[in-house]
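These notes concern the structure reproduced below.
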Amino acid sequence: MRRIVVLAGGIGGARFLRGLKQAAPDAEITVIGNTGDDIHLFGLKVCPDLDTVMYTLGGGIHEEQGWGRAGESFAVKEELAAYGVGPEWFRLGDRDFATHIVRTQMLGAGYPLSAVTEALCERWQPGVRLLPMSDDRVETHVVVEDEDGGRRAVHFQEYWVRHRAALPAHAVVPVGAEQAKPAPGVLEAIAEADVILFPPSNPVVSVGTILAVPGIREAVAEAGVPVVGLSPLIGGAPVRGMADKVLAAVGVESTAAAVALHYGSGLIDGWLVDGADAGEVAAVEEAGIRCRAVPLLMTDVDATAAMAAAALELAEEVRA
Ligand code: GDP
Ligand code: CA
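Counting from 1, one number per residue, gives the positions in the sequence shown under the numbering used here.
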C-alpha cells in the first residue's frame, strides 16, 4: 500500500485531497495540517484549515464557498453582535460553532489538539489521517503598514479576512514556531512515507508555516522519497485568494516557477505547473527540479483526480 503524506492548508489543500483520494483509493493518506491560521474567538479555539479539510473530505463543506458548513445559519453570530461582541469580520456559523465548542471543551480537559482532531474526525470520517502540524500554539502574524506609515503586527486572519490583504505587508512571522514541536505521528508519517505531496496550498502561510515547525522541513528533505508539489499560481496569479500578496511580503515573485525555486531543489524533486505556464518548465528544470505542465484547475473532482495522478506519476519518474 502506498503511504502518501500531504502538507495541507485549507481550501486548496482540501480540494486537492478529494481528488487524491479518488486517484489513489488504496493509499494510506496522512495529512499534516496547517494550524498557523488558528485563532481564539469568543473564548473558542478555531482551526480553519483543519476544519476545511475535515468538512470537505467528510461531506460537510459549503461547496461554493469552500469553507464553513453547508446549510449554515448565523443566529449565534447575530446574538453576539446584538451584545456588541465582535469581531464582526470573522464569519462563524451556528453549525461551525459546535465544532469549536467541542474542540475548546476537550482542550480545556487537557487533550492535545492532535487527540481533539482525531476525535472530531470520528464524526466526519474524512478517509485520511488528519494530524495538526503541532500541538503547540503557532500563530501567523503579518507585519503591515498603516496609512500613517507606521508598522504593526496583526494576526493573519485580521490581515487576510478583515483587510482582504489590502494593507502593504512587510513580513510574515509564524509566532511560536521556533518553540513548537511536530505533533505526535508527524515525523513518523514523513519518515515512513512512499511519497510526499505539496498540494496547491499557499506556499507562505500554509505549506511554509508547516515547514517552519522545527524538524518538519528537515524530515521532508531527508525522507529519501519523491517530494512533488503543484503550483497554486496559474498565469502569474493565485487561482483564488491573495497568495501573491504574502509571496511579495517574503520577496518571492508570483509565478509558478518562482514558487518552485522558493521551495528549492533541496526540498522538492518535482513540480507541476499549469499548461498556461508551460513556458516556465525549463527554468524549473534548470534549478534541478523535474517539471511538467498539466491542467491544474480543480474544476471538479475528476479534474482534481487527474492532477493528483499526474503528481504521483511525476513522483514515480523521480524515483526511477
Ligand atoms: P486556504 O488555507 O483556505 O487559503 O487554502 P490553501 O492554502 O490550502 O490553498 C490556497 C491556494 O489554493 C491559493 O493560493 C489558490 O491559488 C490555490 N487554489 C485554489 N483553487 C485552485 C485550483 O483550482 N488550482 C490551483 N492550481 N490552485 C488553486
Ligand atoms: Ca489557511
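Ideal Cβ placement from N, Cα and C applies to all residues, glycine included.
Counted within 10 angstroms of its Cβ, other Cβ atoms place Thr-299 as buried (16 or more) or exposed: exposed
Using only alpha-carbon positions, find the residue among Leu-107, Ser-114, His-155, Ala-249 that is nearest to Gly-176. His-155
Got a sec: is the Cβ-Cβ distance from Ile-11 to anything in chain D below 8 Å? Reference to chain D is not applicable here, since this structure consists of a single protein chain.
Under the three-state DSSP convention, the category Leu-130 falls into: strand
Could you pull the start and end residues of the alpha helix (DSSP H) that Thr-255 belongs to? That residue, Thr-255, is in no alpha helix (DSSP H); it is neither H nor E in DSSP.
Hey, Ala-293 and Asp-269 are a contact pair by Cβ (cut 8 Å); roughly how many whole angstroms apart? Ala-293 to Asp-269, Cβ: 17 Å. No contact.
Helix or strand or just coil, what does DSSP make of His-155? strand
Considering Ser-15, what are the terminal residues of the alpha helix (DSSP H) in which it resides? Note that residue 15 is Arg in the sequence shown, not Ser. Its alpha helix (DSSP H) spans residues 11-23.
Could you give the DSSP three-state label for Ala-8: helix, strand or coil? strand
By alpha-carbon positions, which one of Arg-152, Leu-167, Phe-74, Arg-103 ends up nearest to Val-246? Leu-167
Leaving out the 5 sequence neighbours to the left and right, which residues in its chain are closer than 7 Å to Ala-258 when beta-carbon positions are compared? Val-252
Pair within 8 Å by beta-carbon distance, Ala-287 and Ser-265: yes
Nearest-angstrom Cα distance between Tyr-322 and Gly-10? Nothing about residue 322 can be reported from this structure: the residues present for the chain run from 1 to 320 only.
Classification of Ala-303 by the beta-carbon crowding that lies within 10 angstroms, buried from 16 upward: exposed
Per DSSP, what kind of secondary structure is Arg-240 in: helix, strand or coil? coil
Closest residue to Asp-274 among Pro-238, Ala-119, Leu-261 (Cα-Cα distance): Pro-238
Rounded straight-line distance, which links the Cα of Arg-152 to that of Pro-203: 23 Å
Short Cβ contact (8 Å threshold) for Leu-50 with Thr-140: no
Closest to Met-106 by CA distance: which of Val-6, Val-46, Asp-94, Gln-65 is it? Val-46
Fully enclosed by the stretch 37-111, which beta strand (DSSP E) runs are 3 residues long or longer? 39-41, 44-46
Which stretch, first to last residue, makes up the alpha helix (DSSP H) that contains Glu-122? 113-124
Which whole-angstrom value describes the C-beta separation of Val-53 and Gly-13, a residue pair presumed to lie in contact below a C-beta threshold of 8 Å? 6 Å
Helix, strand or coil at Arg-2 [DSSP, three-state]: coil
Whether or not the stretch 23-34 and the stretch 95-102 are in contact is what I'm after, with contact meaning three or more pairs of Cβ atoms, one per stretch, closer than 8 Å; do they touch? no
Could you please give the first and the last residue of the uninterrupted alpha helix (DSSP H) stretch that includes Val-301? 301-319
Can Pro-174 and Gly-36 be called in contact, C-beta distance under 8 Å? yes
I'd like to confirm the pairing. Which residues does DSSP put opposite Trp-271 in its beta bridges? Gly-229, Cys-291
Under the three-state reduction of DSSP, which class applies to Val-161: helix, strand or coil? helix
Can you give the Cα-Cα distance for Ile-216 and Ile-196, rounded to whole angstroms? 12 Å
Looking at the unbroken beta strand (DSSP E) that takes in Val-284, where does it start and where does it end? No beta strand (DSSP E) holds Val-284; the alpha helix (DSSP H) holding it covers 281-286.
Could you tell me the distance, in whole angstroms, from the CA atom of Glu-72 to the CA atom of Gly-58? 16 Å
Could you give the residue range of the alpha helix (DSSP H) that holds Thr-209? 207-211
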